[in-house]
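Undergrad: Just passing along the structure, written as structure tokens.
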Amino acid sequence: MPSAPNFLRRIPVETAAIIIMLTALCLAALSGALMKILTDSMSPPLVSWFRFAGYALLLVPLALWRVGPACFRPARPLVQITRGLMLAAGNTAFMYGVRHVDYADAISILYIYPFIMVALSAWVLGERVTKSAWLGVAGGFSGVLLVVRPDLTGIDPSAIFILFTGMMVALQMLFNRKLGVLSDPVVVSLWGALAATAALSLSVPFVWQIPTTDQMLVIAALAVLTALSQTLMITAMSMASADRIAPFTYFEIIAAVIIGLVIFGTLPDMLAWLGIALIITSGTVVKRFPGALKLRRREKF
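Everything in the sequence shown is counted per the working numbering, starting at 1 for the first residue and increasing by one.
Spelled out as structure tokens, the structure:
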């Protein structure tokens, strides 16, 4: 597993892991903001393609260093590819949604995934879910409804795209349970990026445009931030147990609020703040569900 930077070795391991995870979440939130910026002038499938292609290029040398040529012969290749297709679909859907939704609201809606994950673990995997976990699921869905606020005409289509992304994240995490014990996490990430790039390549001829210099700089930053955030998450999860790390994952919502204010000049309204508080509180309850804590790694959309 990746090791912590030298200066972090002077403090308790769990504290260092939390610091690394918080840093990773900030970088992930910033990468989401860059995606929102790019979709103002580029097609979401093309932005997704650039993101995963750049991410894959950065991961190949890391995977070769850690695993060697075996990184191109992973366990369960069909499962790895299916997971990559989910990444491509979820990432592209998120960008279609975030185009027209305030950034902090979009990230808050995305955090429906832990509640979907617990519901699916009971239905698909047959795991016993505690009453407190079900209460957390109900509270989480209620919080998302406060952010989305459907009316008599239905739910905003942009929010539906982000809800779909949450479903893809939850399903991908269930796949992680199978893959996490069979493959190095860097190999899992690499194959997810390669499969997503291959799938999105089918759309490139229809949406291709030559990026401007400014767009290429943002695309390069997006690829680097994605690689850094994922590597830091893997490092944090290798240093401390999931039950220590999990409650801090909701810091991404706080980071998204700050980024939304600084970059886009927007803040959630009062009802959205209430929904965010409910999501974070309910999510902390759900994270105590043992089945949820086994799902230790996820790709950031």
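Idealized CB from N, CA, C, for every residue including glycine.
(1) When DSSP labels each residue in this structure, what does L202 get in the three-state scheme?
(2) So what does DSSP say about W208, is it helix, strand or coil?
(3) Please return the same chain residues whose Cβ sits closer than 8 Å to the Cβ of L145, not counting the five positions on each side in sequence.
(4) Could you have a look at A29 and say whether DSSP puts it in helix, strand or coil?
(5) So M95 is in the alpha helix (DSSP H); what residue range does that whole segment cover?
(6) Roughly how many angstroms separate the alpha carbons of A70 and A236, rounded to a whole number?
(7) Buried or exposed: D105, going by 16 or more other Cβ atoms within 10 Å of its Cβ?
(8) Helix, strand or coil: how does DSSP classify S43 here?
(9) Rounded to whole angstroms, what's the CA-CA distance from A193 to M216? Just pull it up for me.
(10) According to DSSP, is T281 helix, strand or coil?
(11) Which residues bound the alpha helix (DSSP H) around S132?
(12) Report yes if the C-beta distance between K36 and Y111 is below 7 Å; otherwise report no.
(13) Run the proximity test for W191: is its beta-carbon closer than 6 Å to any non-hydrogen atom belonging to the ligand ADP?
(14) CA-CA distance, S158 and F164?
(15) As a quick exercise: from I19, R128, L34 and E14, pick the residue whose alpha carbon is nearest that of F264.
(16) Taking just the CA atoms, how far does E14 sit from S229?
(17) Going by the CB atoms, is the gap between F248 and M21 shorter than 7 Å?
(18) Looking at I116 and I170, is the spacing between their C-beta atoms short of 7 Å?
TA: So, from the data block:
(1) coil
(2) coil
(3) G275
(4) helix
(5) P77 to V98
(6) 24 Å
(7) buried
(8) coil
(9) 19 Å
(10) helix
(11) K131 to V148
(12) no
(13) As for the ligand ADP, it is missing from this structure, which has no ligand bound.
(14) 10 Å
(15) L34
(16) 18 Å
(17) yes
(18) Here residue 170 turns out to be Ala, not Ile, going by the sequence shown. Against a cut-off of 7 Å, the Cβ pair of I116 and A170 comes out as a contact.
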